[in-house]
Amino acid sequence: MKKFFTWKPSYKLLAIILTAVLIVALIPLIRLAMYALPWYDDYGYTRYTRSFMAAYGDTFINAMRGVFFQVKESWYAWQGTFSSIFLMALCPIAWGEEYYRYGVMALIIVFTAASFLCVYALSSRMFQIKKANSVCIAIITTLVAVEKMYFPGHGFYWYNGGVHYIGIESFLLFLVAAIVLFMDAKGIIPIVLQVFTTVILALIVSGGNFVSTLQGMLVLIALILYCILKYKVRALRLIPVIPTYAFGMYKNLIAPGNAVRAQYFNGMDPVHAVIKSFPEGMSRMRAFTDVFLFVALLVLIPIVWNGLEKSKCNFRLPLVFLGFMAGLYFATFTPNLYGTGIVDLARVLNICKMTYQFALILGEIYCIGWIKRIATAKKWKLNLDGGYWWVYVLAVLMLVGFFFKHNMERYEYSSYAAFYDVHSGESAALYDEYEDRIKEIESQGEVAYVKPYTRRPWYLRQTDLSEDPTAGENSEMAMYYDKEAIILKSK
């Protein structure tokens, strides 16, 4: 009986189980993408991509001509986020409405891969945790980020809003992973790959949304200092990244369009935006903290402790590390407070919450490493490797119990919500209404009248068109379909 209760599954076995869980969790999310609908700026930012192909020939080169024209126009007229605009203009609807789903699928897959790779790189290389344990840590963190995203509807299922925030944030995670993973590699080929990869990623992140751009600057400074201290001369290979990021950030910030955009909002001055970020971030912590995150942090304790068995990482100055991670979290609120005076957009809060989750998990790893180093040095009889089978079973039961306690709230977990919305038939019904709407628009004259949607699954839900033809969502769609106006019929 004692052997039964003291059995510990190997971390390789746990990594395999968690990999299977992650794959299963992604299936309903990707299935729901089949019914995703384009909306608002999806139409506006692809107009030149589509019109250039129509005017000059349906080729990739002409599509790219339209994309760069959109980047130029937006940079001068609306905002400086050139890499985001570039990706927005590549929205798949430019090649046909039926391809929109593939852009949504790409967002889900890219974010999942980036989250996993970033955390795995930090765990296995920076913290020198064993590979199997690092895989477990990376998958658990990825599951937390995906399943408890603030609002997947604007993170995944709206291409324009998703690629501007979650998409750019994914490239930042890839940038961190590329720097950390390549630093241990020697030889000309790894050096060339690292320089090429990090320069491209630095350009993308520096030209993205201001939240990710600010985060990227802070993270890049910290990583460069880390590499200089650890790798000495080898850190010189990061030199090309610095001017690239500085140039991209400079072009992003000086765009004439930023001034035009600022006229529509009442932002704060920089000092007050920074100061207000702290109470804003504190006020969000309670909403960002949930049972899933709490259970994940508990389960990670034995995984991290065991994984640090042969680690040579010193884990010095834990308060400095924790302070940096906290600052990274609070900094996610600053750009929007500066630009608009408020942080209320779900697509922005997606990044804020994800940063909070990552900060807690990485902070926990660092603290456990510091405790283990002190315990080893002072020869304390301390062992937190309590990874018994029943610990994981209790963790799962706790999650299931709270899930039922909340009456199986369909949006408690992203995967369950996606599964529900697919198998309830709501999503398919909405997509049928969307296809009928497109047929209505194409069959009418210069002014098209459409019926309101009657099915509204939450993740695919956007505000419907307006009865006012001059509303932004109406005019963007009308321009896309070469109509003088599209008007929603009165309910």
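Residue numbers (the working numbering): 5 to 495. Glycine included, every Cβ here is placed at the ideal spot set by N, Cα and C.
Asked	Found
Mapping the DSSP letters down to three states, classify Ala452 as helix, strand or coil.	strand
Let me know if Val75 comes out buried or exposed under the rule of 16 or more other beta-carbons within 10 Å of its beta-carbon.	buried
In three-state DSSP terms, what is Ile112?	helix
CA-CA distance, Glu173 and His410?	31 Å
What three-state label does DSSP hand Ile258 in the structure shown?	coil
Give me the Cα-Cα distance between Gly191 and Cys95, rounded to the nearest whole angstrom.	38 Å
In whole angstroms, what separates the C-alpha of Asn164 from that of Lys12?	46 Å
Mind listing, in chain order, the continuous alpha helix (DSSP H) runs of no fewer than 4 residues lying wholly within the segment 35-94?	45-48, 51-60, 64-81, 86-93
So Val264 and Tyr396 are supposed to be a Cβ contact under 8 Å. How far apart are they, rounded?	With a Cβ gap of about 54 Å, Val264 and Tyr396 do not count as contacting.
Select from Phe115, Tyr230, Pro244 the residue whose C-alpha is nearest the C-alpha of Gly166.	Phe115
Using 8 Å as the threshold, is the C-beta distance between Ser210 and Gly252 below it?	yes
I believe Leu4 touches Ile228 by the beta-carbon criterion, under 8 Å. Please report the beta-carbon distance rounded to the nearest angstrom.	What is shown of the chain runs 5 to 495, which leaves residue 4 out entirely.
Report buried or exposed for Ile225, applying the criterion of at least 16 other Cβ atoms within 10 angstroms of its Cβ.	exposed
Out of Met412, Tyr15, Leu33, which one is the CA nearest neighbour of Ser419?	Leu33
Spatial neighbours of Val426 within its chain, please: C-beta separation below 7 Å, excluding the five flanking residues on both sides.	Pro32, Arg35, Leu36
What's the gap between the Cα of Leu17 and the Cα of Thr23?	10 Å
Do Tyr161 and Ala40 have their C-beta atoms closer together than 8 Å?	yes
Identify every residue that forms a DSSP beta bridge with Ile491.	Tyr453
Where does Tyr230 fall in DSSP's three states?	helix
Could you tell me whether the segment 357-367 touches the segment 399-408, where touching means 3 or more Cβ pairs closer than 8 Å?	no
With DSSP as the reference, label Phe325 as helix, strand or coil.	helix
Spatial neighbours of Trp99 within its chain, please: C-beta separation below 6 Å, excluding the five flanking residues on both sides.	none
Does the contact criterion of 3 or more C-beta pairs under 8 Å hold for the segment 51-62 versus the segment 83-91?	no
Would Lys134 be called buried (16 or more neighbouring beta carbons within 10 Å of its own) or exposed?	buried
For the alpha helix (DSSP H) that Asp486 lies in, which residues bound it at each end?	No alpha helix (DSSP H) holds Asp486; DSSP gives it neither H nor E.
Quick one, are the C-beta atoms of Phe282 and Gly345 less than 8 Å apart?	no
Please classify Thr344: does DSSP put it in a helix, a strand, or coil?	coil
According to DSSP, is Thr336 helix, strand or coil?	coil
Could you check the C-alpha separation between Gly373 and Ala93 for me, to the nearest Å?	45 Å
With 16 other CB atoms within 10 Å as the buried threshold, where does Pro461 fall?	buried
Can you grab the Cα-Cα spacing for the pair Ala300 / Gly171, in whole Å?	25 Å
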